[in-house]
Amino acid sequence: MSGALRWLGALVLLAGASFFMSDYHNDVYRKLMLWVTLALGYNFLFGICGQVAFSHFAFYGIGAYSVVILLFQLHVPLPIAIVLGVAVCILVALAVAIPSTRLEGFYLALATLALGQLFIVVLNEGGAVTGGNGGIANYRLPDIFGVRIRGPWYTAVIATLLVGTFALLWRLDHSWFGRACRAIRDNAEAAAAMGVNVARVKVIVFTLTSALAGITGMVYAFVDNTVNPPIFGIDNAFLLLFMVIVGGAGRHAGAIIGAVLLFLLPFFLSPLVGHHHVLVFGLLVVGAILAAPKGLIGLYDAFRRS
Amino acid sequence: MQDFLELAVSATASGCVYGLVALAYLLMIRPTGIINFAVGEWAMVGAFGGVVLLTKYEWNYALGMATVIAFMAAVGWATERIAVRPLVERGAPILAPILALLGMVMVFRESISVSFPPDPHAVPYPFGLGRLEWGPLGGSYQSFFIVAVSLLVFAGFWLFFEKSLWGRSFEAVALNRRAAALMGINLSRVTSVSFAGGAAVAGLAGLLVSPNVSAHYLMGVPLAIQGFTALVIGGVGRVEGALLGGLLLSFAEQLAARYAPIASGFTQGVPLLLLMLFLIFRPTGLLRARA
Amino acid sequence: MRSLLFATLALFSAVVFSQPTIKIGVITDRVGVSKPYSEPSTEGLIFGAEEINRRGGILGRKIELLVEDDQSRPDISAALARKLIDQGVVFILSMSLTPATQQQQTVTMEAKTPQMTPMNSGDTLTTQLPNPYFWQTGPLGSIQIATLLAHARAKNLKQVALITDNSDLGQLLGRFFKAGLEKSGIKVVAEEVIPRGATTASPQMQKIRAANPDAMFMAGVLTAENVLIFKAYREFGLKFPIHSSYNLSVPVYMTVAKGLIDGVTFVDAYDPEKPQVKAFEAAYKKATGKDSFNLHGYGYDGIMLVAEAIKAAGSTDKEKIRAAMQNVKYEGVMGARGMKYSFPEGKRAGFDPNGMVVRVYEGDKQGRVIYTGQK
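Chains as they are written, first to last, in my numbering: chain A, 741 to 1046; chain B, 9 to 299; chain C, 1123 to 1497.
Structure below.
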């Protein structure tokens, strides 16, 4: 029972904070929480299960575009649009996951990288359906039971998504499923020998985390009320990977720290070092990997132990 | 038919460039297993080396080219020293240096971006902008130059790996690191040389392609992706595979753009589809490594 | 004692007579794909703001520019717009990619803050969102093609080729070029795209050659890829005339496309013989020691327009500025001789449809104006 209370408490704290922030800080806070949600999901896929995939961010885009197209091009009512959007993400994830079980390591990375790029090509060539290069704008979240959810209330929705995702992944991690994933990450052959159905676990993990990324994308669609191809480019896939690595792959706390640090860093660097800020960012990332290959959370652990 | 022959020349030239980038990856992957995505940025740095020495200071082309290649070898050696060796020595998992090198992509790109004005820069042609007719084949001087230089480079590396003692030690390390170390092969020297070689080859690729596409700070990423696709298609095992993969990729791209009855915008998807197909059905590529 | 009194009086008068600055926000790209265009444009803007301040500012107050870098990332762009609004800007100038400008609009519309882009040319910016606080004074794609066609009318074109790249602006311009061509009854017999990162344009140019066009229209905005097109054109010994979008007006082509662009015509919003242009170039050179070119003029005109609107409004109230900007009529550095920016009948795209000129490359130099407007 105290476990559920803790989650609830975290939710209240995260959601409540948004009521005390200005518009700009609210905007940054929301996007930060979305990135943390993505990082947690990616950490499960990559850090805990050892699957090097670059498609996570593409599913973020698939979710966002799906819900917008369903709602505003096909005029489907909101609850059905949400369900269908999730279904689309699951279907695409399965279509990618099932053949990829045959791929290892960097082959999987490559295939998912190609998928991410193909997604952008489809978006750009999608004509009236996807809005082409300009994307789709000029929409807003429809009223739910006559209530307009905006401002800090929408931030509360995002906080709920974050806490919900975290809670789900946490429970999964501390179950036989989590152990199976770690076993596959450490030594797939040994895991199979111990009776783990490696292919099935991989497919489930990939589909689950990609669907979560898709749901996060659906929530994002109403943050800026715009979706366009540049938002979902592959640079972000690399940034997500960096977040998880720098924070500490395999640890939820690591994903959170990495996401917070790498997302907020450009905002602080830019006024400090002017237009060199990307260079400094790159140097910091390389430095972080060199100094702490187990991630920042690894440093923290070492400190705790000493 | 004439179209096809002309395309054959231009596709061969582009394929050689992709093949060189693929070779750069290969030189580093074989002995160390490290995938270095910074090869695209290395190509860009090589191109900008050409901008400085050949365009700005107007050096003799051969001398300028040799200097750029030597400079890139030093850059490769330094990159290995800074971003790779500390991690390998500490026994970090193989992913760590790959990620550090990904971070270096940003560092290289931004270093060039802040040092030069943002517009693309011209790099001179060694033989000027002219057309050469060689039997039924016709193409620009630069296309023939690229093919000639690339063939030399590939022949050189093939001989190196097949015939020389050094080359054999590379192969030994690629096959089994521990056994190679036990036989007295200096692992860290092999790694340094492989990175220096990879950077030199990548820089050469950048220098060869830049008179056509101009040198600009965003040219690295597309080259890195095309080079990697070529590597997957050709197979990581053999030097010839890199060239074969590059040629196949380039022919597919250009023939699709010319003859495929689909909207022009979709032809960018061709290399991506090829990559995914190969990964699913033939991940080891077309040419297998020797046993 | 007297010096202390003097100092106190001086301080007191400085406090009393110094007014708070007028904050104007600028969102530009310092590191991403828009940098080659955003950088010179923003430099022109900053020069303009300094010039205004040297002359005493607006309404007796100095301009304070708050400049943010959105890295050509639209999601960061929107957050930065919010940041600037929270910091109290009365106007936002968008000097980055078209999708970034678009994304900022969702914020400025909600916050009722005036926003303008002096350089984006995508037609959809003023049509996709009904945002009464947004204006666009860049030369629209539809104006570009109409001007090019007016110039080409004498040539009696029956069938032409259209070539562009896969950037968002290139695709947008391509769409409007095609629409303009078809509206004039000209058949588009070949439509090709050069993807970013291509190493050659040969296949696409071969297809165009096979279609036998009377002329080729270029709508692309990526420099390296455009140069590939010129190279293939020369290599194949093609002879049909080339008409290009305003992208060819950027001076970089004179260095990277040397020997390739003689005779190419392009639309531009810059007439180098215009007296305002000569004055601007001289003043810029004097103040910064560097040469200016057409891109600087966009930013300069942008800040001047904003200053005009605030002056006409007589205050920094956003609603008054909005009304004043809607009624502004201003002759700036860009545009043909005598062209004024204006927003008649509630439209928010302010570049006069007759305000572009057609110029031609003579050798490697940007040559004279050979046609003006759409008549």
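Backbone N, C-alpha and C fix where the C-beta goes; we use that ideal spot for every residue, glycine too.
These figures come from a predicted structure and were not determined experimentally.
Residue nearest to residue i in terms of C-alpha spacing, selected from the options
i, options, result
"F1402(C)", "K1412(C), K1380(C), L1370(C) and V1455(C)", "V1455(C)"
"L252(B)", "L13(B), L15(B), L28(B) and Q10(B)", "L28(B)"
"W775(A)", "P892(A), A953(A), H914(A) and T870(A)", "A953(A)"
"F1003(A)", "T966(A), V984(A) and R888(A)", "V984(A)"
"P1475(C)", "S1194(C), A1268(C), E1172(C) and S1160(C)", "A1268(C)"
"A180(B)", "V113(B), L31(B) and T40(B)", "T40(B)"
"F797(A)", "A854(A), H1017(A), A899(A) and A939(A)", "A854(A)"
"L1030(A)", "A100(B), I77(B) and A30(B)", "A100(B)"
"D964(A)", "G1296(C), Q1226(C) and Q1326(C)", "Q1226(C)"
"E1173(C)", "A1272(C), I1185(C) and K1396(C)", "I1185(C)"
"V1148(C)", "L1202(C), P1196(C), R1176(C) and D1290(C)", "L1202(C)"
"T895(A)", "V768(A), W747(A) and F1043(A)", "V768(A)"
"N44(B)", "A108(B), L263(B), L95(B) and M227(B)", "A108(B)"
"L110(B)", "I42(B), V157(B), A156(B) and M80(B)", "I42(B)"
"G206(B)", "L71(B), L282(B), Q276(B) and A232(B)", "A232(B)"
Buried/exposed call for residue i, threshold 16 Cβ in 10 Å
i, result
"H129(B)", "buried"
"R890(A)", "exposed"
"Y65(B)", "exposed"
"W50(B)", "buried"
"A961(A)", "buried"
"H1418(C)", "buried"
"S172(B)", "exposed"
"S123(B)", "exposed"
"V1013(A)", "exposed"
"R991(A)", "buried"
"T906(A)", "Per the sequence shown, the amino acid found at residue 906(A) is Phe instead of Thr. Label assigned to F906(A): buried."
"N184(B)", "exposed"
"A265(B)", "buried"
"I2(B)", "In the structure as shown, chain B begins at 9 and stops at 299. Residue 2(B) is therefore absent and cannot be evaluated."
"I974(A)", "buried"
"F162(B)", "buried"
"L215(B)", "buried"
"S119(B)", "buried"
"S1437(C)", "exposed"
"R1444(C)", "buried"
Close Cβ partners of residue i (< 6 Å) along its chain, the five nearest in sequence each way excluded
i, result
"Y1040(A)", "none"
"D1191(C)", "R1152"
"L759(A)", "It is Phe, not Leu, that sits at residue 759(A) in the sequence shown. Closer than 6 Å at Cβ, skipping near neighbours: P892."
"A920(A)", "V936 and V941"
"E140(B)", "A small fix is needed here, since residue 140(B) is Leu in this sequence, not Glu. These residues qualify, in order along the chain: Y149 and F152."
Own chain residues within Cβ distance below 7 Å of residue i, not counting five before or after
i, result
"V17(B)", "L145, G146, G147 and S151"
"I1198(C)", "D1192"
"P105(B)", "I42, A91, V92, L95 and V96"
Sheet register partners of residue i (DSSP bridge)
i, result
"A223(B)", "H129(B)"
"A1471(C)", "Q1258(C)"
"Y1452(C)", "Y1463(C)"
"M1217(C)", "T1150(C)"
"I1037(A)", "DSSP lists no partner for I1037(A)."
"H1016(A)", "Note: H1016(A) sits in no beta bridge, so no partner."
"W142(B)", "L145(B)"
Beta-carbon proximity list for residue i, same chain, < 8 Å, skipping 5 on both sides
i, result
"A299(B)", "For A299(B), the predicted model reports a pLDDT of 47, less than 50, meaning its position is unreliable and no value from the coordinates is stated."
"P1158(C)", "T1345, V1372 and V1374"
"V1138(C)", "Reliability fails at V1138(C), whose pLDDT of 48 lies under 50, so the model's placement of it is uncertain and no value is given."
"W142(B)", "F152"
"G293(B)", "L239, V240, I241, G242, G243, V244, G245, G249, G253 and F286"
Below-8 Å beta-carbon distance, residue i vs any chain E residue
i, result
"V1479(C)", "Looking at the structure shown, chain E is missing, and the protein chains on hand are A, B and C."
Contact list for the region 268-279 of chain B against chain A, Cβ threshold 9 Å: A271, G273, F274, Q276, G277 and P279
Chain-ordered residues of the region 1186-1215 of chain C with a beta carbon less than 7 Å from chain B: none
Selection of the region 1142-1173 of chain C by Cβ proximity to chain B, strictly under 7 Å: V1153, V1155, K1157, P1158 and E1161
Under 7 Å (Cβ pairs) to chain A, residues found in the region 1265-1287 of chain C: none
Contact set between the region 833-844 of chain A and chain B, restricted to residues whose Cβ is under 9 Å from the partner: P839, S840, R842, L843 and E844
Residues, ordered as in the chain, of the region 1020-1039 of chain A that lie near chain B by beta-carbon distance below 8 Å: F1021, G1022, L1023, V1025, V1026, I1029, L1030 and P1033
Selection of the region 146-180 of chain B by Cβ proximity to chain C, strictly under 7 Å: S148
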